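There are 2 protein chains.
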Amino acid sequence: MENIKVPEEFKVLISNRDKRYVRQCSIDCVVFGFAQNQMKVLLVQWKYLDKWTLPGGFIHQDEPIDQAANRILKERTGLEKLYLKQFATFGDPHRSRSKDMQQMLDAMGIFLPEDNWLFERFISIGYLALVNFDRVTPNTDLLSSVCGWHNLSEIPDLMFDHTHIIQTALGTLRKQLYTEPVGKYLLPEKFTMPELQKLYETILGEPLDRRNFAKKISSMSSVKRLKERKSGGAHRAPYLYTFI
Amino acid sequence: MENIKVPEEFKVLISNRDKRYVRQCSIDCVVFGFAQNQMKVLLVQWKYLDKWTLPGGFIHQDEPIDQAANRILKERTGLEKLYLKQFATFGDPHRSRSKDMQQMLDAMGIFLPEDNWLFERFISIGYLALVNFDRVTPNTDLLSSVCGWHNLSEIPDLMFDHTHIIQTALGTLRKQLYTEPVGKYLLPEKFTMPELQKLYETILGEPLDRRNFAKKISSMSSVKRLKERKSGGAHRAPYLYTFI
DNA sequence: CTTCATTGTGTATCAAATACACAATGAAGC
DNA sequence: GCTTCATTGTGTATTTGATACACAATGAAG
């Protein structure tokens, strides 16, 4: 961590608050993906610091908050359209933990007065996103060194209250499991029933009966079985399904 | 509306933003009550203006948002403890409609520069409250002339996006009807089954079968039938129930 | 003491959730 | 080619909950 050179433009960006943004408000996104039979969450690692956070950002003064969340995620994932819903707003006065922020700035060799906008309290609007893992191209930005997927079961130490935000998002997702077509967003266009079941089991954290699950899903009008089967694997080839 | 005398203290309050408050963030509360077989919503009428709004306010810099909502409602209802839950955050850039604000200030004879904080965009966190109608003492404050109950079915013209906020709150309440003990908060401590049923029918906007409703409610472990009956009314005296 | 609107209760039926078993498939190994 | 075996596809019995519906009990009003 010694001998860091922080580009001058970072310092300017950080020292002078950009007036285009709504004050004391931020957005944090919990982006869920599904791959290798695991739920994945997109995380960002900050430059000059070991710690991670959720992808997030600020809101332009003339921008609806949903649109801000879309813009932030387009930068991070490359995706224009994704399942994205506000799920809760986090407003504990100590949630942004200026200690974390201080540590980050120290690491970057930046020293700011106590009244700098970065030390202000932020109220953050939480957004839940579901994406097709394979379509995402995680992108870093000026201030982040890594942007990538982590297994939901192996989330590293996060800054601020982001662990809590992920837990709340997961709770929301579980509640919505049978009312929203989550498979439509998390799986590829064509998928098998065992794949869909594994997704549900992973989100719920409990095994489901194979036959009853198929029955329940088949009764949903939005799921259609195709004529095709998925060949290639060992054993009997399962049918492919798709969301209409 | 002519010849209005706005106290000097109002002007000071409005012209100089109070730095104790979080910027560009506000709280709006949808307070539901139940009386005379009607759902009621608490509304505030502003001085020098015909229009109404939801009771709301700002967040102290050192205050959790839930606590801010509690404080705001304590001032308006006199109640310390009530059912209160965040249900959505409203962040359309035009939601605060500066035209409404301008009209209000004009009516008060106050003229502010365009960059005054009151013309800033506000992101508002919506809170849903359930209260026992009889225990509420609606209070006005410096800027409001009336604070009182309105039938949900006869809401007057509201400023900003508050009609939309009420609709969203009602949708949330309907979804929670069978998972949250709403009767516990909306009805007096002891109530009859017909009263509880009428509450549910009013919230849902549809009639329910008397016998099936009683069966369903009786299966909830949180509702207990008392030995007492409610006498006084004509016809057979119904049993009293209570939430444990 | 009759009337009548209202309350309390029970039962038949239908739909959904759950528990559970056996036949069909298809790659792998002999 | 035939057997093996993990996996997929399907069906049925049972339980639970939701819905539809009917009749007896109550208690004030007349």
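Line order of the protein sequences matches chains F and U. For the first sequence, the numbering used here begins at 3 and goes up steadily by one. For the second sequence, the numbering used here begins at 3 and goes up steadily by one. Using N, Cα and C, we set each Cβ at its ideal position, and we do this for glycine too. Since the structure is predicted, the reported quantities are computational estimates derived from the model, not experimental observations.
### Query
Is it buried or exposed for Ala70 of chain U, if we count other Cβ within 10 angstroms and need 16 for buried?
With 16 or more other CB atoms across the displayed protein chains lying within 10 angstroms of its CB, Ala70 of chain U is buried.
### Query
What do you get for Ala131 of chain U, buried or exposed, if any count of 16 or more other CB atoms within 10 angstroms of its CB means buried?
In the assembly as shown, Ala131 of chain U is a buried residue. Its beta-carbon has 16 or more other beta-carbons within 10 Å.
### Task
Would you please verify whether the beta carbon of Asp94 of chain U is less than 7 Å from any beta carbon of chain F?
It does; some Cβ of chain F falls within 7 Å.
### Task
Scan the stretch 138–165 of chain F for residues whose Cβ lies nearer than 7 Å to a Cβ of chain U and list them as they occur along the chain.
Residues of the stretch 138–165 of chain F with a C-beta atom less than 7 Å from some C-beta of chain U do not occur.
### Message
On the criterion of 16 or more Cβ atoms from any shown chain inside 10 Å, does Asn72 of chain F qualify as buried, or is it exposed?
### Response
Flag for Asn72 of chain F reads buried.
### Short CB-CB distance (under 7 Å) between Gln26 of chain F and chain U
Taking Cβ atoms only, chain U reaches closer than 7 Å to Gln26 of chain F, which makes this a yes.
### Task
If I'm right that Thr79 of chain U touches Val138 of chain U with Cβ under 8 Å, what's the distance once you round it to whole angstroms?
With 8 Å as the limit, Thr79 of chain U and Val138 of chain U qualify as a contact, their Cβ atoms being about 5 Å apart.
### Message
Relative to the C-alpha of Gln248 of chain F, which candidate in F:Arg238, F:Ser220, F:Leu210 and F:Tyr202 has its C-alpha closest?
### Response
The requested residue 248 of chain F does not occur in the structure, where chain F is confined to residues 3 to 246.
### Task
Could you tell me which chain U residues have their CB closer than 9 Å to the CB of Ile168 of chain F, listed as they occur along the chain?
Residues of chain U passing the Cβ test: none, with the nearest at roughly 18 Å.
### Message
With a threshold of 7 Å between beta carbons, is Ile219 of chain U in contact with chain F?
### Response
By the rule that beta-carbons nearer than 7 Å mark a contact, Ile219 of chain U does not touch chain F.
### Query
Could you give the distance in angstroms between the alpha-carbon of Lys76 of chain F and the alpha-carbon of Cys149 of chain F?
Straight-line Cα distance between these residues: approximately 13 Å.
### Task
Measure the C-alpha to C-alpha separation of Leu145 of chain U and Phe113 of chain F and round it to an integer number of angstroms.
Spanning the two alpha carbons is a distance of roughly 43 Å.
### Task
Return the chain-ordered list of same chain residues with a C-beta closer than 8 Å to the C-beta of Thr194 of chain U, the five sequence neighbours on each side being excluded.
Excluding sequence neighbours, Thr194 of chain U sits near Lys232, Pro240, Tyr241, Leu242 and Tyr243.
#### Entry: Segment limits, beta strand (DSSP E) that includes Thr244 of chain F
Counting along the chain, the beta strand (DSSP E) containing Thr244 of chain F begins and ends at Tyr241 to Phe245.
### Task
Anything in chain U within Cβ reach of Pro66 of chain F, meaning under 7 Å, just list it in chain order.
For Pro66 of chain F, the neighbours in chain U by C-beta distance under 7 Å run, in chain order, Gly93, Asp94 and Pro95.
### Query
How about Ile205 of chain F: is its C-beta nearer than 7 Å to some C-beta of chain U?
Chain U, which has no Cβ nearer than 7 Å to the Cβ of Ile205 of chain F, makes this no.
### Query
In the stretch 75–162 of chain U, which residue ranges form an unbroken beta strand (DSSP E) of at least 3 residues, counting only runs that do not cross its ends?
Counting only runs of 3 or more, we get 85–92, 125–132 and 146–153.
### Task
Find the residues of chain F that neighbour Ser90 of chain U, judging by a C-beta separation of less than 8 Å, and give them in chain order.
Before going on, a small fix: residue 90 of chain U reads as Ala here, not Ser. Residues of chain F passing the Cβ test: Gln88.
### Message
At 4 residues or longer, what runs of the alpha helix (DSSP H) sit wholly inside the stretch 160–201 of chain F?
### Response
Unbroken alpha helix (DSSP H) stretches of 4 residues or longer found wholly inside the stretch 160–201 of chain F: 164–177 and 184–188, given in chain order.
### Limits of the unbroken beta strand (DSSP E) element including Lys42 of chain F
Residues Gln40 to Trp48.
### Message
Under 7 Å, CB to CB, which of the residues in the stretch 123–137 of chain F have a partner in chain U?
### Response
Cβ contacts with chain U come from Arg123, Ile125 and Ile127.
### Message
Taking its Cβ as the centre, do 16 or more other Cβ atoms sit within 10 Å of Gly35 of chain F, making it buried, or is it exposed?
### Response
Buried, since its Cβ has 16 or more Cβ neighbours within 10 Å.
### Message
Tell me the residue span of the alpha helix (DSSP H) that contains Arg213 of chain F.
### Response
Residue range Arg212 to Ser220 is occupied by the alpha helix (DSSP H) that includes Arg213 of chain F.
### Query
Based on the DSSP output, what are the partners of Val24 of chain U in its beta bridges?
Residue pairing of Val24 of chain U in beta bridges, as defined by DSSP: absent, with no partner found.
### Endpoints, beta strand (DSSP E) assigned at Leu228 of chain F
Unbroken beta strand (DSSP E) run through Leu228 of chain F: Val225 to Arg231.
### Task
May I ask you to list, following chain order, the residues of the stretch 49–63 of chain U that have a beta carbon less than 9 Å from some beta carbon of chain F?
Cβ contacts with chain F: Ile61, His62 and Gln63.
### Task
Please look up how many angstroms separate the CB atoms of Val33 of chain U and Val43 of chain U, rounded, as I've assumed it's under 8 Å.
Indeed they touch by this definition, with Cβ atoms about 7 Å apart.
### Message
Let's test the definition: count the other Cβ atoms within 10 Å of the Cβ of Asn214 of chain U and tell me whether it reaches 16, buried, or not, exposed.
### Response
By the Cβ-count criterion, Asn214 of chain U is exposed, with fewer than 16 other Cβ atoms from all chains shown falling within 10 Å of its own Cβ.
### Query
Tell me the DSSP bridge mates of Asp30 of chain U?
Under DSSP, Asp30 of chain U shares a beta bridge with U:Gly58 and U:Gly128.
### Other residues of its chain near Val225 of chain F: CB distance less than 7 Å, five sequence neighbours each side excluded
If the five residues before and after Val225 of chain F are omitted, its C-beta is found closer than 7 Å to the C-beta atoms of Ile219, Tyr243 and Phe245, all from its own chain and listed in chain order.
### Query
Which term fits Pro115 of chain F, buried or exposed, when burial requires 16 or more other beta carbons within 10 angstroms of its beta carbon?
Under this definition Pro115 of chain F is an exposed residue.
### Query
Which residues share a DSSP beta bridge with Ala37 of chain U?
Answer is U:Gln40.
#### Entry: Distance, Lys229 of chain U Cα to Gly93 of chain U Cα
Going by C-alpha positions, Gly93 of chain U is about 50 Å away from Lys229 of chain U.
### Query
Would a C-beta distance cut-off of 7 Å place Phe60 of chain U and Ala171 of chain U closer than the cut-off?
No, these two residues do not count as a Cβ contact at 7 Å.
### Query
So what does DSSP say about Arg238 of chain F, is it helix, strand or coil?
In the structure shown, Arg238 of chain F falls within a coil segment according to DSSP collapsed to helix, strand and coil.
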